[in-house]
Structures are given as structure tokens and as C-alpha cells.
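One structure is given below, encoded as C-alpha cells.
Number of protein chains: 2
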Amino acid sequence: MRAKQKTSPKTEKNRLKIRRLGIDTYHENVAYLHRECELYRAERFQALSKVEICANGNRILAVINVIDDSSIVTTNELGLSEEAFERLSVKEGQLVKVEHAEPPVSMDAVRRKISGERLGQEDFDIIVSDITQSRYSKTEISAFLVASGQTGMDRDEILYLTQSMLQSGEQLDWNEPLVVDKHCIGGIPGNRTSMLVVPIVAAHGMLIPKTSSRAITSPAGTSDTMEVLANVKLEIEELHNIVSKHRGCLAWGGTANLSPVDDILISVERPLGIDSKGQMVASILSKKLAAGSTHLLIDIPVGATAKVRSMREALHLRKLFEFVGDQLNIHLEVIITDGRQPVGRGIGPVLEARDVMQVLQNDPLAPYDLRQKSLRLAGRVLEFDPDVRGGYGYSIARDILDSGRALHKMNEIIDAQGAQTTKYSPASLTCEITAPKKGVVTAIDNLQMAHIASFAGAPMSKGSGVDLLKKVGDSVQRNEPLYRIHAEFLSDYMFAQNLCERDNGYTIGKPEDISKAFVEF
Amino acid sequence: MRAKQKTSPKTEKNRLKIRRLGIDTYHENVAYLHRECELYRAERFQALSKVEICANGNRILAVINVIDDSSIVTTNELGLSEEAFERLSVKEGQLVKVEHAEPPVSMDAVRRKISGERLGQEDFDIIVSDITQSRYSKTEISAFLVASGQTGMDRDEILYLTQSMLQSGEQLDWNEPLVVDKHCIGGIPGNRTSMLVVPIVAAHGMLIPKTSSRAITSPAGTSDTMEVLANVKLEIEELHNIVSKHRGCLAWGGTANLSPVDDILISVERPLGIDSKGQMVASILSKKLAAGSTHLLIDIPVGATAKVRSMREALHLRKLFEFVGDQLNIHLEVIITDGRQPVGRGIGPVLEARDVMQVLQNDPLAPYDLRQKSLRLAGRVLEFDPDVRGGYGYSIARDILDSGRALHKMNEIIDAQGAQTTKYSPASLTCEITAPKKGVVTAIDNLQMAHIASFAGAPMSKGSGVDLLKKVGDSVQRNEPLYRIHAEFLSDYMFAQNLCERDNGYTIGKPEDISKAFVEF
Chain A
-14 MRAKQKTSPK
-4 TEKNRLKIRR
6 LGIDTYHENV
16 AYLHRECELY
26 RAERFQALSK
36 VEICANGNRI
46 LAVINVIDDS
56 SIVTTNELGL
66 SEEAFERLSV
76 KEGQLVKVEH
86 AEPPVSMDAV
96 RRKISGERLG
106 QEDFDIIVSD
116 ITQSRYSKTE
126 ISAFLVASGQ
136 TGMDRDEILY
146 LTQSMLQSGE
156 QLDWNEPLVV
166 DKHCIGGIPG
176 NRTSMLVVPI
186 VAAHGMLIPK
196 TSSRAITSPA
206 GTSDTMEVLA
216 NVKLEIEELH
226 NIVSKHRGCL
236 AWGGTANLSP
246 VDDILISVER
256 PLGIDSKGQM
266 VASILSKKLA
276 AGSTHLLIDI
286 PVGATAKVRS
296 MREALHLRKL
306 FEFVGDQLNI
316 HLEVIITDGR
326 QPVGRGIGPV
336 LEARDVMQVL
346 QNDPLAPYDL
356 RQKSLRLAGR
366 VLEFDPDVRG
376 GYGYSIARDI
386 LDSGRALHKM
396 NEIIDAQGAQ
406 TTKYSPASLT
416 CEITAPKKGV
426 VTAIDNLQMA
436 HIASFAGAPM
446 SKGSGVDLLK
456 KVGDSVQRNE
466 PLYRIHAEFL
476 SDYMFAQNLC
486 ERDNGYTIGK
496 PEDISKAFVE
506 F
Chain B
-14 MRAKQKTSPK
-4 TEKNRLKIRR
6 LGIDTYHENV
16 AYLHRECELY
26 RAERFQALSK
36 VEICANGNRI
46 LAVINVIDDS
56 SIVTTNELGL
66 SEEAFERLSV
76 KEGQLVKVEH
86 AEPPVSMDAV
96 RRKISGERLG
106 QEDFDIIVSD
116 ITQSRYSKTE
126 ISAFLVASGQ
136 TGMDRDEILY
146 LTQSMLQSGE
156 QLDWNEPLVV
166 DKHCIGGIPG
176 NRTSMLVVPI
186 VAAHGMLIPK
196 TSSRAITSPA
206 GTSDTMEVLA
216 NVKLEIEELH
226 NIVSKHRGCL
236 AWGGTANLSP
246 VDDILISVER
256 PLGIDSKGQM
266 VASILSKKLA
276 AGSTHLLIDI
286 PVGATAKVRS
296 MREALHLRKL
306 FEFVGDQLNI
316 HLEVIITDGR
326 QPVGRGIGPV
336 LEARDVMQVL
346 QNDPLAPYDL
356 RQKSLRLAGR
366 VLEFDPDVRG
376 GYGYSIARDI
386 LDSGRALHKM
396 NEIIDAQGAQ
406 TTKYSPASLT
416 CEITAPKKGV
426 VTAIDNLQMA
436 HIASFAGAPM
446 SKGSGVDLLK
456 KVGDSVQRNE
466 PLYRIHAEFL
476 SDYMFAQNLC
486 ERDNGYTIGK
496 PEDISKAFVE
506 F
């Protein structure tokens, strides 16, 4: 120990002053070092890519950007991006040391994965732990995602990854034998069934503490839509109080810190456009297990523009879910649904919340497909109740909805979470996209409609998105409106319109061109 | 056209003002947008990762960082990193539009590669072209590297990648039937044989226009070492003049823009610590072909701490080189050499240049292994000459070296390129690392010695590095010096010393522990 101290004297002379820079580098620690830095030669660090920064016993890894402008950092300062500054948790002006950083230890395992090896539980544990602690750069995360992607993980490895992700965050415990949940693998715009399943199931008396995510690149997540009606940011204690009183909630999962590594992985995976089924299974099941679910219904929509495009693929994915779920002792059922087009009419938080409330209010204008799908899902969840006879779930769900008890429960939940004081309405810049010819709507592209709604500003601008006026099977005249774009900001309005000009997402043809629905299970 | 203009009016109101930021983001375009930007919502772009920036008909893709500090960029400005600013080639204050960017088209091919498909020539062509034009983010490059890594490319794909890389840059043409070159795959510190082979071969009259790279994470490249003696930055025309007059040169390849994609790939690959043999073959052969070589000798050192660790691996790599070389019509020979320890004594530009000059001057202190290896390589290159009888190359090379003709040629080349006016000497902060016990040096870790020399500051600080005082087979007493560290900067000195404390790179044992050299071919 003494020898070590002798060779690295801890004087102030070999330290840099921390400066917080107002730069948000989105899930990556970046440190900014002046090219003429008096202590370290910045370019050396840049070529070697990462440095370790030490202060007050905290250590972070960061990527180096070299600065040529002393107004950003001076030659005896070290700038930190907002995230890196938070993570190091020091004060501005604090003196720090910079060290050469080796790649995180677990990159060895990633390299083994790249060369085709099978990894074990310990490998996944340290990879997930390093990523959770922001020790990976985005290029390293990308390497891990690709190496463990599509063809790279067998089902045992998916199980290991799930367990590692589960361990990486908090876990909720509801102290009840039956804690139910439902989850859709995503990819279908407007598919807000959770906001109907939760009040129906909770009205029946089952415990359904639903936590969900916000949209990242899709036009709305359940949290974004629920937020139109109520506060969704709940502390764990509030969550417990609400759920124990009302048997359900619709809260944002972020505060609960469940499987935090997931958000980091997604922030790299989405822009790359890669979508590994193994990672999807690990991501979903780790979050649901962390949320304390004992019984889970998974919805896999199948369709030409859905995440899963064939029945064969859906069955393969179902078996992956079943395998991992069984090993981790969660009662899991999978339902395969029609994913040929968006569900309901609205795409975007306000428009989707409107659809949901119409269904709850038994409004004759309520979108029929959203009602039907939600009842079927709720029915299946109700059958997790030992007292519900097999096959009777659907009619119980329908009774709860038709009687207004679901609406009543939803209002209870909204009040408990805190009703939204802002009154949102659909955004005011609108334009209608019309049919280029007469015919029948034979297909609506889920991906393209999600894209258009995103470009229009959803979900950050709550009132923005797309309102579908025609669905598959509807007849249209030439120049009849197919859907309406809502946008709040002019730039978004332009982006969405330009996108529609390239591809409006609708196919008009003859009735016989409509693809058959896949059989639902 | 009119309709399009109507929906995106090109007024100044929807443009941002370009501001050049003094931030060097190292081979990645980064754009900085204020969180409260008046025109665009920065966070939307961030989640979607990339934007396209258009001005004067130029278009670049850039990753968005969100800014919370108006002194960096204001709400109606768009900041650009140095590289992005160069690439867009506009003036500061220029008004630009920002668009949502799709991932580069060729990412489709990368995704197909990830899912296990075999790619064709056109796929590699657009991937390489997109990367060359800085359209890839580092995460995308990482995805490509991993997907096409170790187990991911068959030899036809390696051929395609080589051709794409070759096409991506300039190509030199020497208008001679016999243009020779030699290249080592790297990984052995101190291995500066090119600086001996070139003067020997050129003195014989063969054309050997050697262009080499600078070190990125290794302690010295041939260019870094040659730069101790002479200018290495030569314009293409100068290069041609020197070579036509002196038959050889030792220049930096950077100005010639040969296979420019290679540097970008390496900037991501090195920090990841992945090392794909397929990419190595494509990288080396594309550069050599672009440099106009007709005959090429490849040196593959084999050793426990070399890049290639077994004879089986070396043979596999040799066959890859032969396959691609034959298809691309270059006469290629592979020599497998002893890679059990560093070559020569010095590691770092000044120390290596000293070794080279000692050999050229026939100094009795010259490192014998460097002399012998260089003569063997030069001999093989000389045998590319149809007039040299098979097996006689070595003795011709030795005659040229012993007679002083090689030294004379080297001095001609140095003068032609421009002798270095700065007189470099070994860096002045030194310390000796001593043997912890008596015995025989049984192994020297190439990787660790390279690491120590890098940490000491090589190659950017020319006089820094490591000077080996003992080599494998030498007897040592306890506390006898094994090597000397030279550093110029105190921080580097500390870094190198700390690294030695963890692992000094030497193994001391009994003579029988020395591993046998692999047979050389």
C-alpha cells in the first residue's frame, strides 16, 4: 500500500477541476478534456477511447471528447456531460484524477460471445451489472446486442439474461398469492388494451398493479396515454397504497427502478433497428417478475407489419416465453392476436385516451375492435382466478364493462393517482390524408402509421398523432379522407406531411385482397 | 415539385444558424441542439438518435446531443462538432434545415448480416461507402464489425469487403511491372523491419514505395518511428518523385487517402478489443492494392502473446490471405515468424529508430534479432526479382547491409523526404524495472510491454517508451534491471509505473520453461 502511494502522490497538482457541462449525451458518460490540457494528453485518451474518473471514492468510466475551445473547458478542467456529472456525484470545482480505463471486465465475455461461445449465468451477471453502472460505451453495448442478437443466444442464455436483468434493479412484493398482469410485445399503434383490462380486472377484485413504460420511438406507451388522464409518476409507497385500496393502478414503471438495464439497452437497440427476440423475452419477463407478478398474459400480435410476421414465428416466441417463465416460476399464458392493422382509431396519447374512455363509457362511437380485444384479454386474465370457471372470463369481463363498473373503477384509479389538471385536446394543426382512388382499404401499415404519428410529435406532444377514419375493409371514394394528422408544432406538421407524401401507409384495393386474419389462440 | 415546396416553405424562419463548436468527437458527426430550440424539439431527435442536416446541397448525418446551456448553443442555433462542421463544409452562421434521419440504407444489409445471412458485393459496397461518408454512428459501425466478425464472414465475403475498401479511396499507379511491399500483421512491439527491408530492397534496385500507418493504440507504427529521422507527410507528387529517383520511400499513407474506411473501422474496433481476421485481411490487402503493389510479403508472427497464437491459426490466416490475394491478382507470399517476444530492444519511436540505425550502421551493439529477421524478410522480397535465383535472397540482402549500401540508401531516402530538424532523444523521466528473483527470462508479454510503452506516452511523445535490457533466454540476478521506462510527462510516467506494478510483463523461471519457437516458413 505504501509503495502505491509513493508512485501516485495525491497532491492537488495532478488533479483537474470538475466542470458540469450542459450537454445531455443520452445514456453515455462523456468527459471533455482540453487538447492542451496541462496534466494529461487528451488525444492519447481519445484513441484509447475511455478513461476512469475518480473522486471521493466514486469511479466512473467515460468516453473522451477533445476540446479546442477554452470557453467550454479550460486546460486545467475536466468537463462532464450531465449524466456523467450525476453519476460521479461530486460538486463543481471538485478536484479529480483521470486514469486510463481498461474496457469493463465483462467485455471479455462479450468477446467470447462474439466468437460464438455460449455464456453462463455469471457472464450475464457481470455484463448486466457493468451496463447498469454505465461502464459500457454505446459501441460496447452495440457489440453486446449484436453478439447476443437474433442467432446468438440459446434459450438457457435467455433465461440467464432474464435473471441478471431481474437482479439488476428493485423488486416489488405485494404479499398476495395472485398478482396478475398483461403485456403486449408491442408494434401495434393504438393498442391501449391495458387501460381497459386493468379497470375490468381490478373491478373483479383481482390484484393488477400495472406499471408500464413510456414510448421511446413509438407514438405512445400506456404511461404516456394514462398521463393524459392522471398522474403516473408514483413513489413506491403511493403505488402500494393505491393498489391495496383499489386493487389496480396504471403507473409509470420508471420510478420503481425495475430492470433499469433495459432502458439503456433499448436506447441503443432501437436506433440500430435491431430487434432480438431473446432480448425481448428477457426484457419483458425481467420487468414483470421485478414488478411482483405471479400470473402473466402475453399478447403477441401477428401481421405483415407487426413485430411478429408469421404464425411459425409467433409459436417459436411463445415457447421461448413459456420456457423462461416456467423456469422462473411465473404462471404465464400467451395469446396470439390479430396484428394486421392498428387497434382503435387514435394513435397518440390524447387520441388513444379518447378511444379508451369511449369504450369505458359504452359510447356507441367507441372503436369496436379495441373493446373486443380488451374484453378477450381481460377474460383470459380473469380466468387466472381459481373461482372463475374456464371459458367464463369473457362474459364476466363484458358484464363488468357494460354495467359501468369498469368506468367507475377507472375513475377511482384516476382520482387515486391524481386526476390530470391540464385538459388536453387533440393538437390544432390538422390535415386529412385522402384516398388516391376508389376502393376498399385492404391494409394499413402499422410501422408507417406509427412513424407518421411520431413525426407529428407523439407522444411528447400529447395531442399530436393520427386519427384513423377508415380501417381495413372499409370502402372509400376517391379523395375521401383516410385519416387526420394532428400536430402541435409546425416543424412536426411538416415532417409528418412529408412522410405521408412518400408513403401514406394505406393500401386501397379489392375486398379479396384483404389478408386473412391469423387464427387467434 | 410545386406541391412539395408548398408543404415545406423554404423561408429563413424554419432554419437554424450553424455554430462550429470546438469539440472533437473522433470519427463521429455530432450535432448540438438546445433543449428549448424554437424550431425542433431536441429530445425527439435524441430518442430517434440521428438527424440529417442539409445546407448548400450538402447533407450529413449526425448524432444529436441535447444542450441545456445557451453559451454552448442558443435556441436558434445548431452546434456542430469539428468533424461534422468540416464535412458539411459551410460557413458559421449559415442557415440550415434539420430532418429526421433514417438509418443509412446499408444498415439493412448489416441487419441481414446480424441475422446470419451472407452478403454480396453490392451490400459491402454500400456499407463501405456509407461508412466512408460518415453516415454511420459508432454504434452502427460496432454492429457491422461484430456482425461480420470472427465467425461471421466466409472467404468470399472477405474478398467482397476487400474490393469495397479498395474502391473507397485513391489508388496509386507506379507504371512498373514489379512493385514490391512487405507487411506485418502487427502485435509485436519493436518490430521495425520495414525500415531495414526498404533500404536493402531499394538498394538492390527494386521498387518499394512503402506507405505505412501511424500507431493508434500500439506504441509505434513505422511512420511514427521514421518520423524521428525524416518527414513522412508527403504529397502524392513528392512521393512519386522520391520513389522514381530512389526506388523506395518510407512515408505515411494518410495523405494518399488509401482505403480511408479502414481508419474509421479501426477507431471503433480497437477500443472494443475485437480483432476479426477477416477484417484484418481486407484491411491489409485493400491498402496494399491501393498502394499499387504487385508483389507482397506478409509477415505473421506466432506466439503466446502475439495476434496469432498457434500454427493452426497462422495457416488458416495464410490461406485467407492467399485466397483473397489470388483473386485480386497480387503476387502474395506469407512468412510465419517467431512472435514470442518483442523484436529488438526499443519500444517507442526514438528507441526503435536507434535500433534500426544501429543495424544499418553495423554497430556491434545492434540488436541481433532485428537484423536477422529483417535480412530474412528482405531476402524473400528480393526473390520476387526474376533475376534472383531461388534461395539466394538472404545472402544478397546481407551483402547489401554489411557493405553499407543499405545505410547509404536510407540516408538518401531520409534526405529526399526531408531530414528531421528536431533532434529527438529518449525521454528523460526514467526508471528501471528489476527482476524480483534470480533466474532466466522465460517469456516477455508482447501485449503488456506494448501497453506499458503506450502508457509511458509512445508514440505521441516520441522519446517515450520502453528499452528492453534483457530478452528471453538471458540470465538475471535478483534486482537486476529488466527494462527501462522512458517518459516525458509526469502523468504518463505514473500511469506506466502503476501498470508495471500490476504486471511487469516478464516471466522469470528455469531455462527449460522457455517455449519452443514455432517453425518458420
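Keeping their order, the protein sequence lines are chains A and B.
If you use the numbering used here, the first sequence corresponds to residues -14 to 506, in order.
If you use the numbering used here, the second sequence corresponds to residues -14 to 506, in order.
Using N, Cα and C, we set each Cβ at its ideal position, and we do this for glycine too.
Quick caveat: nothing in here was measured; it's all calculated off a predicted structure.
Based on Cα-Cα distance, which residue from D477/A, G490/A, A481/A, I499/A lies nearest to R26/B?
The count along the second sequence starts at 1 and reaches residue 26/B at position 41. Minimum Cα distance to R26/B is reached at D477/A.
CA-to-CA distance, E67/B to M445/A, given in whole angstroms
In the first sequence, counting from the first residue as 1, residue 445/A sits at position 460. In the second sequence, counting from the first residue as 1, residue 67/B sits at position 82. Taking the straight line joining both Cα atoms gives about 31 Å.
Residues, ordered as in the chain, of the stretch 114 to 141 of chain A that lie near chain B by beta-carbon distance below 9 Å:
S122, K123, T124, E125, I126, S127, A128, F129, L130, V131, A132, G134, Q135, T136, G137
Using the DSSP secondary-structure output, state which residues sit across from T415/B in a beta bridge.
Sequence index remark: in the second sequence, residue 415/B carries index 430 (1-based). As computed with DSSP, T415/B is found in a beta bridge with H471/B.
Pull up the distance between the alpha-carbon of S547/B and that of G448/B, whole angstroms please.
There is simply no residue 547/B to check, as chain B begins at -14 and stops at 506 in what is shown.
With distance defined between alpha-carbon atoms, name the residue in M296/B, T406/B, L181/B, L281/B nearest to V287/B.
In the second sequence, residue 287/B corresponds to position 302, counting from 1. Out of M296/B, T406/B, L181/B, L281/B, M296/B has the C-alpha closest to the C-alpha of V287/B.
Note down, in chain order, every chain A residue with its Cβ under 9 Å from the Cβ of I221/B.
For the purposes of this step, residue 221/B is taken as the residue at position 236 of the second sequence. Among the residues of chain A, none has a CB under 9 Å from the CB of I221/B; the nearest is roughly 26 Å distant.
Quick one: list the residues of chain B neighbouring E28/A, beta-carbon separation under 8 Å, in chain order.
The count along the first sequence starts at 1 and reaches residue 28/A at position 43. Result: M445.
Residues, ordered as in the chain, of the stretch 452 to 465 of chain A that lie near chain B by beta-carbon distance below 8 Å
none
Would you list, in chain order, the members of the stretch 31 to 65 of chain B that have their beta-carbon closer than 9 Å to a beta-carbon of chain A?
Q31, A32, L33, S34, K35, V48, I49, N50, V51, I52, D53, D54, S55, S56, I57
Inspect the CB distances between the stretch 212 to 221 of chain A and the stretch 87 to 104 of chain A and report whether three or more fall short of 8 Å.
no
Is it the case that the Cβ atoms of L157/A and T279/A are separated by a distance below 9 Å?
For the purposes of this step, residue 157/A is identified with residue 172 of the first sequence, where counting begins at 1. For the purposes of this step, residue 279/A is identified with residue 294 of the first sequence, where counting begins at 1. Going by C-beta atoms, L157/A is not nearer than 9 Å to T279/A.
Residues in the stretch 69 to 97 of chain A with C-beta within 7 Å of chain B's C-beta atoms, listed in sequence order?
So the list reads H85, P88, M92, R96, given in the order they occur along the chain.
Between the Cα of R5/B and the Cα atoms of A502/B, S56/B, I111/B, which residue gives the shortest distance?
On the second sequence, position 20 is the one that residue 5/B refers to. If we check each option's Cα against that of R5/B, S56/B comes out closest.
How big is the Cα-Cα spacing for A539/B and H316/B?
Absent from the model: residue 539/B. The displayed extent of chain B is -14 to 506, so no value can be given.
Over what stretch of residues does the alpha helix (DSSP H) that includes I269/B continue unbroken?
Along the second sequence, one-based indexing puts residue 269/B at 284. Per DSSP, I269/B belongs to the alpha helix (DSSP H) from 262 to 275.
List, in order along the chain, the chain A residues whose C-beta lies closer than 7 Å to that of D9/B?
To locate residue 9/B, count along the second sequence from 1; it is residue 24. What D9/B touches in chain A: N50, V51, D53.
Taking the continuous beta strand (DSSP E) assigned at Y491/A, which residues delimit it?
What you label residue 491/A is simply residue 506 of the first sequence in a count that begins at 1. Residues 491 to 494.
With a threshold of 16 other CB atoms inside 10 Å of the CB of L475/B, please say whether the residue is buried or exposed.
Residue mapping note: residue 475/B aligns to position 490 of the second sequence, counting from 1. Exposed, since its Cβ has fewer than 16 Cβ neighbours within 10 Å.
Would you please state the rounded distance, in angstroms, between the beta carbons of I49/B and L18/B? I believe it to be under 8 Å.
For the purposes of this step, residue 49/B is taken as the residue at position 64 of the second sequence. For the purposes of this step, residue 18/B is taken as the residue at position 33 of the second sequence. Right, their Cβ atoms sit about 6 Å apart.
Within 9 Å, strictly: CB atoms of I201/A and I251/A:
As a working mapping, residue 201/A is identified with position 216 in the first sequence. As a working mapping, residue 251/A is identified with position 266 in the first sequence. It is a contact, given that the beta carbons lie within the stated cut-off.
Enumerate in chain order the residues of its own chain whose CB-to-CB distance from E23/B is below 7 Å, with the five nearest sequence positions on each side excluded.
Looking up residue 23/B in the second sequence gives position 38. Excluding residues within five positions, the ones whose Cβ falls inside 7 Å are T60, N61.
Test item: CB-CB of V51/B and H85/B under 9 Å
What you label residue 51/B is simply residue 66 of the second sequence in a count that begins at 1. What you label residue 85/B is simply residue 100 of the second sequence in a count that begins at 1. No; because the gap between Cβ atoms is not below 9 Å, this pair is not in contact.
Cα-Cα separation between T322/B and I285/B, rounded to whole angstroms
Here residue 322/B refers to the residue found at position 337 of the second sequence. Here residue 285/B refers to the residue found at position 300 of the second sequence. C-alpha separation (whole angstroms): 6 Å.
Suppose you measure from the CA of L355/A to the CA of I283/A; what does that come to, to the nearest Å?
As a first step, residue 355/A must be located in the first sequence, where it is residue number 370. As a first step, residue 283/A must be located in the first sequence, where it is residue number 298. About 17 Å.
I'd like to know if G403/B contacts chain A, where contact means its C-beta is closer than 9 Å to some C-beta of that chain.
Position 418 of the second sequence, counted from the start, is the residue given in the question as residue 403/B. False, the Cβ-Cβ gap to chain A never drops below 9 Å.
Got a sec: is the Cβ-Cβ distance from R255/A to anything in chain B below 9 Å?
Within the first sequence, the letter at position 270 stands for residue 255/A. Yes, R255/A counts as interfacial toward chain B.
Taking CB distances under 9 Å as the criterion, tell me whether S(-7)/A reaches chain B.
Within the first sequence, the letter at position 8 stands for residue -7/A. For S(-7)/A, the predicted model reports a pLDDT of 40, less than 50, meaning its position is unreliable and no value from the coordinates is stated.
P286/A, enclosing beta strand (DSSP E) - first and last residue
Within the first sequence, residue 286/A is the residue found at index 301, counting from 1. P286/A -> beta strand (DSSP E) spans 280 to 287.
Quick one: what does DSSP say R(-13)/B is sitting in, helix, strand or coil?
Along the second sequence, one-based indexing puts residue -13/B at 2. For R(-13)/B, the predicted model reports a pLDDT of 35, less than 50, meaning its position is unreliable; a value from the coordinates is still stated below. In the structure shown, R(-13)/B sits in a helix (DSSP, three-state: H, G or I).
Kindly list the residues whose CB is nearer than 6 Å to the CB of K262/A, restricted to its own chain and excluding five residues on each side of it in sequence; keep chain order.
For the purposes of this step, residue 262/A is taken as residue 277 along the first sequence, with counting starting at 1. Once the five neighbours on either side are set aside, the close Cβ partners of K262/A are L302.
Residue from N160/B, D9/B, G442/B whose Cα sits closest to the Cα of R232/B:
Counted from its first residue, the second sequence places residue 232/B at position 247. That would be N160/B, whose Cα lies nearest to the Cα of R232/B.
By the DSSP assignment, the alpha helix (DSSP H) with K98/B in it spans what residues?
The count along the second sequence starts at 1 and reaches residue 98/B at position 113. 92 to 99 is the extent of the alpha helix (DSSP H) around K98/B.
Beta-carbon of I332/B versus every beta-carbon of chain A: anything under 9 Å?
Within the second sequence, numbered from 1, the residue matching residue 332/B stands at position 347. I332/B does not count as touching chain A.
Per-residue contacts from I259/A into chain B (C-beta, under 8 Å)
Counting from 1 along the first sequence, the entry for residue 259/A is found at position 274. For I259/A, the C-beta contacts it makes with chain B under 8 Å involve R96, I99, A128, in order along the chain.
For F30/A and Q326/A, what's the separation of their Cα atoms in angstroms?
In the first sequence, residue 30/A corresponds to position 45, counting from 1. In the first sequence, residue 326/A corresponds to position 341, counting from 1. Those two C-alpha atoms are separated by around 50 Å.
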